[in-house]
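Novice: In the UniProt record's numbering, the protein residues as written are 1 to 402.
Every residue gets a Cβ at the ideal spot worked out from N, C-alpha and C, and that includes glycine.
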């Protein structure tokens, strides 16, 4: 007699919360549609009779909530703007997202200089819409043209768009995996570690014509072979798009200190919304935009290096998920002066109160002349009264490409 196989009646989902600009990891019961799909799939592939039992059938939703209602809408709104759908309120969605999600997406695009004073796409926004990337990554890649680090940003964008490159090791191989992982780690942060991983994989596939050898190398180093293969394809597609729209592509220069600094400048031009600072010197990071406390991911460069370095005071991160451990993923150390230099001035003024904000405002005042301070205060006040009308002049001029 065949033993019964039980399927879980609930699944974990990533749900985007626009109020805090972060994903939440939630466990929800499956819907009736998912239960029926499971029954049909099991009935067609395995012998026996499938049973779908539910103690509270009336509490089970008919179908899963549409993805547009639980996702970050910044990229979708950017594409709708490219289609000349300026008024999101008049757009006829099949499943209408929450108004606060649309407002948050518009606000993020405004911070990224993708919108003009009338709410339409700016020149930067038009270029961003051509790149098949999330808006912060697209903005960082555009800024890389200004800082002559396009080759490195293409690699970072491809690696971040693909699945995570580090494979989760079995429990008895964790220390061995950490040892192999340290071979790729860059002392300046996780973004540069991704470049090391990509370059090492590229050298492996170029030195060997056998596909199985590439996979064996990935298994030995506890890397995800399919993710790296996808990253190679994504990078080639991004390079093709940049050449098609005639954006300047600088040659590789990875390794020198000036190039590393330029990479961080380009990254913070797109990810200034995702910056955190250490509040106690122990690795407890306060996220500037919504005052959540987070920790470094266990796979981070700053957690795996031996001896473990002191946690950086300020970091730029790519992802944050609210879960039982509240980890920030793919983080690199940045200097607060960079945030003051490349983030819109009115963004700094809109941050919630914190010690980090006070420090940033002090840096801004120390860097600005009396005339610039007066103009900056006037601009901040005007943008607070009429959001979307002010555009940070320096950021716009820096990213506009001839």
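Straight-line CA distance for residue 176 to residue 184?
Specialist: 14 Å
Novice: Extract the residue ranges of the alpha helix (DSSP H) inside the region 218–305, only unbroken runs of 4 or more that lie entirely within it.
Specialist: Runs found: 225–244, 257–271 and 301–304.
Novice: Cα separation between residue 140 and residue 316?
Specialist: 13 Å
Novice: Expressed to the nearest angstrom, what Euclidean distance is found between the alpha-carbon atoms of residue 280 and residue 262?
Specialist: Taking the straight line joining both Cα atoms gives about 29 Å.
Novice: Tell me the DSSP secondary structure of residue 75 in three-state form.
Specialist: helix
Novice: Could you spell out where the beta strand (DSSP E) holding residue 315 opens and where it closes?
Specialist: 314–322
Novice: Would residue 354 pass as a contact of residue 288 if the rule is Cβ separation under 9 Å?
Specialist: yes
Novice: Name the two residues that bound the continuous alpha helix (DSSP H) containing residue 24.
Specialist: That residue, residue 24, is in no alpha helix (DSSP H); its beta strand (DSSP E) goes 22–29.
Novice: Go to residue 100, then tell me how far its alpha helix (DSSP H) extends in each direction, as first and last residue.
Specialist: Start and end: 99–111.
Novice: Hey, is residue 242's beta-carbon within less than 9 Å of any beta-carbon in chain D?
Specialist: Here there is only one protein chain, and chain D is not present.
Novice: In the UniProt domain "Helicase-associated" (104–195), which residue ranges form an unbroken alpha helix (DSSP H) of at least 4 residues, counting only runs that do not cross its ends?
Specialist: 123–130, 135–147, 150–161 and 174–182
Novice: Can the beta-carbon of residue 100 be found closer than 9 Å to that of residue 18?
Specialist: yes
Novice: Is residue 331 helix, strand or coil when you go by DSSP?
Specialist: strand
Novice: Tell me the DSSP bridge mates of residue 17?
Specialist: DSSP output for residue 17 lists 22 as bridge partner(s).
Novice: For the alpha helix (DSSP H) holding residue 84, just list the boundary residues, first then last.
Specialist: Careful: residue 84 lies outside any alpha helix (DSSP H) and carries neither H nor E.
Novice: Bridge partners of residue 341, per DSSP?
Specialist: Answer is none; residue 341 lacks a bridge partner.
Novice: Give every residue of the same chain whose Cβ lies closer than 6 Å to the Cβ of residue 108, excluding the five residues on either side of it in the sequence, and list them in chain order.
Specialist: 74
Novice: Tell me where the alpha helix (DSSP H) around residue 366 begins and ends.
Specialist: Per DSSP, residue 366 belongs to the alpha helix (DSSP H) from 355–367.
Novice: Report all residues from its chain with a CB closer than 7 Å to the CB of residue 294; omit the five preceding and five following residues, and keep chain order.
Specialist: 276, 285, 287, 320, 326, 327 and 328
Novice: Is it a yes or a no for the region 159–167 touching the region 215–227, going by three-plus beta-carbon pairs under 8 Å?
Specialist: yes
Novice: Spatial neighbours of residue 330 within its chain, please: CB distance less than 6 Å, with the 5 preceding and 5 following residues excluded, ordered by chain position.
Specialist: Same-chain partners within the cutoff: 190 and 318.
Novice: Using the C-alpha atoms, what's the distance from residue 304 back to residue 186?
Specialist: Roughly 11 Å between the two C-alpha positions.
Novice: Just to confirm my understanding: we take residue 241, look at its own chain, exclude 5 residues before and 5 after, and list those with CB closer than 8 Å. What are they?
Specialist: 130, 131 and 132
Novice: Tell me the DSSP bridge mates of residue 12?
Specialist: 27
Novice: Straight-line CA distance for residue 15 to residue 207?
Specialist: Rounded to whole angstroms, residue 15 and residue 207 show a C-alpha spacing of 42 Å.
Novice: Please report the straight-line C-alpha distance between residue 12 and residue 368, rounded to a whole angstrom.
Specialist: Looking at the two C-alpha atoms, the distance is approximately 48 Å.
Novice: Quick check: the region 246–262 against the region 135–155, are there 3 or more CB pairs under 8 Å?
Specialist: yes
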